[in-house]
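J.:
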Amino acid sequence: MSEAEPRSQGPVWSILDVLEPASKYLEAAGVENARFDAELVLADVLKISRLDLYLQYERLLTDKERGVFRTMLKQRQQRIPLQHILGNTEFFSLPFMVRPGVFIPRQETELLVERTLESLESHFTSGGEALNGGPLRAVEMGVGSGVISVSLAHNRTDMTIWASDISAEALALTAENARLNQVEMRIALEEQEGLPAGNGSPLHLIVSNPPYIRLDEADSLQPEVRDHDPEAALFGGEDGLDAYRYLAAAGPSRLHDGGIMAVEIGADQGEAVTDILRAGGFGEIALHRDYAGRDRIVIARKT
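Per my numbering, the sequence shown starts with residue 391, numbered consecutively.
1) Buried or exposed, going by whether 16 or more other CB atoms sit within 10 Å of the CB of GLU519?
2) What is the rounded straight-line gap between the Cα of GLN467 and the Cα of ALA419?
3) Nearest CA to the CA of ARG469: which residue from ALA640, LEU611, ALA623 and ARG644?
4) Identify which residue in GLY491, GLU530 and ASP629 has its Cα closest to the Cα of THR506.
5) Considering just the uninterrupted stretch of the alpha helix (DSSP H) at MET549, what are its terminal residues?
6) Would the beta-carbon of MET462 fall within 8 Å of that of ILE475?
7) Can you tell me the Cβ-Cβ gap for HIS594 and LEU526, rounded? I've got them flagged as a contact below 8 Å.
8) Applying the criterion that 16 or more other CB atoms from any shown protein chain within 10 Å of the CB defines a buried residue, is SER643 buried or exposed?
9) Do you know whose CA, among GLN465, ASN599 and ALA608, lies nearest ILE689's CA?
10) Look up GLY660 in the DSSP assignment and say whether it is helix, strand or coil.
11) On the premise that THR564 lies in contact with PHE591, defined as a C-beta separation below 8 Å, what is that separation, rounded to the nearest angstrom?
12) Going by alpha carbons, who is nearest to SER413 out of GLU429, ALA662, LEU542 and GLU508?
13) Nearest-angstrom Cα distance between PHE459 and ASP427?
14) With a cut-off of 8 Å, do at least 3 Cβ pairs link the stretch 449-457 to the stretch 478-486?
15) Sorted by chain position, which residues of the same chain lie with C-beta nearer than 7 Å to SER509's C-beta, five sequence neighbours on each side aside?
16) PHE625 bridges to which residues according to DSSP?
17) DSSP on PHE459, reduced to helix/strand/coil?
18) Using DSSP's beta-bridge definition, name the partner residues of VAL597.
19) For the alpha helix (DSSP H) containing VAL615, name the first residue and the last one.
20) Tell me where the alpha helix (DSSP H) around VAL435 begins and ends.
21) Which word fits SER404, buried or exposed, when buried means at least 16 other C-beta atoms lie within 10 angstroms of its C-beta?
22) Applying the 10 Å Cβ sphere with the 16-neighbour rule, what's the burial state of ASP647?
23) Could you have a look at THR693 and say whether DSSP puts it in helix, strand or coil?
24) Using the Cα positions of TYR681 and ILE494, report the straight-line distance between them to the nearest angstrom.
25) Tell me, please, which residues DSSP counts as bridged to PRO485.
26) Buried or exposed, going by whether 16 or more other CB atoms sit within 10 Å of the CB of ASP658?
27) Which same chain residues end up closer than 8 Å to LEU443 when comparing Cβ atoms and leaving out the 5 residues on each side of it in sequence?
28) Under a Cβ-count criterion, where at least 16 other Cβ atoms within 10 Å of its own Cβ denotes burial, should MET549 be classed as buried or exposed?
29) What residue does the alpha helix (DSSP H) around ARG679 start on, and which one ends it?
30) Note down the Cα distance separating GLU504 from ALA608, rounded to an integer number of angstroms.
31) Using the C-alpha atoms, what's the distance from GLN497 back to ILE596?
In structure tokens, the structure reads:
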């Protein structure tokens, strides 16, 4: 191990003793949010919350706990994604399992769920006249680990959602996460490219976080993304916009009048995606920026 790696300062280590050197060890490897990651790893090792780390800061680690902590830190230092190390993540205040080979959920995608729920509440209120007492029908293209579909279904108990992916691994993980969050009866999974077929009825919502990275951006990606996320979930063609062209062409015929298209986009794609959806016949197009002021979500309605 390198000299920068945390090592014992004496016969015993407390929580307080290990966190600072662990953070510096990850920071020296170029890990963003090194302190946060060190805290999450240690909390996982000790089976306590991050808050409990500070409530129990004098707690001493056993030799076994120190060994596991050092092993997990070494993995993170090698830029293995934190979610893969822990095997789980939290998204929209819900628990999700994460597995290598399936696209890793990102915190910024929570904004897609938040804005989608707001738009649904405005136009298709649960039990409202627009639904005529029926279920809210939705589809998701490219379901990945299921965080979007599961979060939407958890928050809209009147929703039935069909979700597709080209990866059998992703669909299996989504099924597990749907069961974990007790929404499996309202999520149907289809292994295919493009929009799921659903039951053929007009939809109230199409939602997607499609691949949108340009091919020439590959070398600029963080190792956690470039080396661990499936390429099919990352790259959206030469200009990153292939999926939006497909959705603009295929989406309108699937939607009710007034139906919603909600998509996540790249940080500089707001104008381009808005133009693509407008040309496809969508109206009331709204661009939402994330908390850093970057283009992130486009919500459009069929008019």
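Just so you know, even glycine gets a beta-carbon here, dropped at the ideal spot from N, CA and C.
T.: Taking the coordinates as given:
1) Against the sequence shown, residue 519 aligns to sequence position 129. GLU519 should be labelled exposed.
2) Position 77 of the sequence shown, counting from 1, holds the residue named residue 467. Position 29 of the sequence shown, counting from 1, holds the residue named residue 419. Distance between the alpha carbons of GLN467 and ALA419: 6 Å.
3) The sequence position of residue 469 within the sequence shown is 79, counting from 1. Among ALA640, LEU611, ALA623 and ARG644, the Cα nearest to that of ARG469 belongs to LEU611.
4) As a working note, residue 506 is residue 116 in the sequence shown. Of the listed residues, the one whose Cα sits closest to THR506 is GLU530.
5) Position 159 of the sequence shown, counting from 1, holds the residue named residue 549. Premise fails: MET549 lies in the beta strand (DSSP E), 549-555, not in any alpha helix (DSSP H).
6) Residue 462 sits at position 72 when you count from the first residue of the sequence shown. Residue 475 sits at position 85 when you count from the first residue of the sequence shown. Contact flag set, yes.
7) As a position in the sequence shown, residue 594 is number 204, starting the count at 1. As a position in the sequence shown, residue 526 is number 136, starting the count at 1. That pair is a contact at about 5 Å.
8) To locate residue 643, count along the sequence shown from 1; it is residue 253. That one is exposed.
9) By 1-based counting over the sequence shown, the position of residue 689 is 299. Selected option, being the one with the closest Cα: ASN599.
10) Stepping through the sequence shown from its first residue, residue 660 is reached at position 270. In this structure, GLY660 counts as helix in the three-state DSSP scheme.
11) Working through the sequence shown from its first residue, we reach residue 591 at position 201. Working through the sequence shown from its first residue, we reach residue 564 at position 174. Checking the sequence, you will find Ser at residue 591 rather than Phe. At roughly 22 Å, the Cβ-Cβ gap does not stay under 8 Å, so SER591 and THR564 are not in contact.
12) Locating residue 413 in the sequence shown gives position 23, where the first residue counts as 1. Closest option to SER413, Cα to Cα, is GLU429.
13) One-based indexing of the sequence shown puts residue 459 at position 69. One-based indexing of the sequence shown puts residue 427 at position 37. Their backbone Cα atoms lie some 12 Å apart in a straight line.
14) no
15) Position 119 of the sequence shown, counted from the first residue, corresponds to residue 509. Here the set comprises ILE650, ALA652 and ILE689.
16) Within the sequence shown, residue 625 is the residue found at index 235, counting from 1. As DSSP reads the structure, PHE625 sits in a beta bridge with ILE603.
17) Reading the sequence shown from its first residue, position 69 is the one you call residue 459. In this structure, PHE459 counts as helix in the three-state DSSP scheme.
18) Indexing the sequence shown from 1 puts residue 597 at position 207. BP columns for VAL597 point to GLU530 and ALA652.
19) What you label residue 615 is simply residue 225 of the sequence shown in a count that begins at 1. Looking at the DSSP string, the run of the alpha helix (DSSP H) that includes VAL615 is 613-616.
20) The residue labelled residue 435 in the question sits at position 45 within the sequence shown. Counting along the chain, the alpha helix (DSSP H) containing VAL435 begins and ends at 424-436.
21) Here residue 404 refers to the residue found at position 14 when the sequence shown is read from its first residue. With fewer than 16 other Cβ atoms within 10 Å, it is exposed.
22) Position 257 of the sequence shown, counted from the start, is the residue given in the question as residue 647. That one is exposed.
23) Sequence index remark: in the sequence shown, residue 693 carries index 303 (1-based). Of the three classes helix, strand and coil, the one that applies to THR693 here is coil, per DSSP.
24) Translated into the one-based positions of the sequence shown, residue 681 becomes position 291. Translated into the one-based positions of the sequence shown, residue 494 becomes position 104. Looking at the backbone, the Cα of TYR681 and that of ILE494 are separated by about 20 Å.
25) For the purposes of this step, residue 485 is identified with residue 95 of the sequence shown, where counting begins at 1. According to DSSP, which records beta bridges pairwise, PRO485 is partnered with GLU480.
26) Stepping through the sequence shown from its first residue, residue 658 is reached at position 268. It is exposed - the Cβ of ASP658 has fewer than 16 other Cβ atoms within 10 Å.
27) Counting from one through the sequence shown, the residue named residue 443 turns up at place 53. Correct list, in chain order: ILE405, LEU409, GLU429, LEU432, ALA433 and LEU436.
28) By one-based count along the sequence shown, residue 549 stands at place 159. When all chains shown are included, MET549 counts as buried.
29) Taking the first residue of the sequence shown as 1, we reach residue 679 at position 289. Careful: ARG679 lies outside any alpha helix (DSSP H), inside the beta strand (DSSP E) at 672-679.
30) Here residue 504 corresponds to residue number 114 of the sequence shown, with the count starting at 1. Here residue 608 corresponds to residue number 218 of the sequence shown, with the count starting at 1. Each residue's CA atom was taken as its position, placing GLU504 and ALA608 some 29 Å apart.
31) For the purposes of this step, residue 596 is identified with residue 206 of the sequence shown, where counting begins at 1. For the purposes of this step, residue 497 is identified with residue 107 of the sequence shown, where counting begins at 1. C-alpha separation (whole angstroms): 21 Å.
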